[in-house]
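Heads up: the structure comes next, in structure tokens.
Protein chains in written order, with our numbering: chain B, 993 to 1104; chain P, 21 to 130.
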């Protein structure tokens, strides 16, 4: 079964540092999404990315966030200067139209 | 506005019993999806029901959708301890994004 792979599974970073979260989506999929889930809270939409451009973004996705597809396969989420409140699980996902989304296993980001 | 709010927030049942979770939403949708999340893990897609469908089955899962009431329910029959997880409904609309509810934490006691 196709998988979405995320690395690292867990990252601890100092406040103010930059982090890059990586995702390898299902091949040949053009739509990608990033979501985050603060511990114990709901899953929140961050950004959608289609054909190498941002398609939609939420209020959470401010200037500290950016997404790229640097090499045609990997898909990255960068947080430039992390804050304590950025601590969360970050998930990437690709849609399988009509059958739901396939989510990666997530990256747990801890900002200290 | 919040979309996809689940009820109850937590549910504890004995193995073999049925578990029913409800979801309400506010805006029009293309489809509604249910996901499962084991503690600290990723989201696993369970079932999708389109806006023109009223009921759908998949194994021990039964999902209903009432667009007039903007609500959906997920029924898990003959629950097992392995069904212990959080269950989320998510609505998909013309904005091409999924919007999740707060989830129901289900505990199935052996």
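Using N, Cα and C, we set each Cβ at its ideal position, and we do this for glycine too.
Quick caveat: nothing in here was measured; it's all calculated off a predicted structure.
* Asked: The beta strand (DSSP E) spanning residue 93(P) covers which residue range?
  -> 91-96
* **Closer than 8 Å to chain B by CB, residue 118(P)** => yes
* State the beta-bridge partners of residue 1030(B) as determined by DSSP. => Answer is none; residue 1030(B) lacks a bridge partner.
* Asked: Would you say residue 1059(B) faces chain P, with C-beta separation under 8 Å as the test?
  -> no
* Can you grab the Cα-Cα spacing for the pair residue 101(P) / residue 35(P), in whole Å? => 6 Å
* Asked: Which whole-angstrom value describes the C-beta separation of residue 92(P) and residue 84(P), a residue pair presumed to lie in contact below a C-beta threshold of 8 Å?
  -> 6 Å
* Count the other CB atoms, across all protein chains shown, that sit within 10 Å of the CB of residue 1026(B); report buried if there are 16 or more and exposed otherwise. => buried
* Any C-beta of chain B sitting closer than 8 Å to the C-beta of residue 21(P)? -> With a pLDDT of 37 at residue 21(P), under the threshold of 50, the modelled position of this residue cannot be trusted; read the value that follows with caution. Output row for residue 21(P): interface = no.
* To do: Starting from the N-terminal side, write out each stretch of the beta strand (DSSP E) that is 3 residues or longer and does not extend beyond the segment 1009-1088 of chain B.
  => 1011-1016, 1023-1029, 1035-1042, 1045-1049, 1057-1060, 1067-1071, 1080-1087
* Give me the Cβ distance between residue 62(P) and residue 1098(B), rounded to the nearest whole Å; I'm assuming they're in contact under 8 Å. => 5 Å
* Does residue 77(P) come within less than 8 Å of chain B when only Cβ atoms are used? -> no
* Give the DSSP bridge partners of residue 124(P), in chain order. => 107(P)
* **From 50(P), 30(P), 28(P), residue whose alpha carbon lies closest to that of residue 71(P)** => 50(P)
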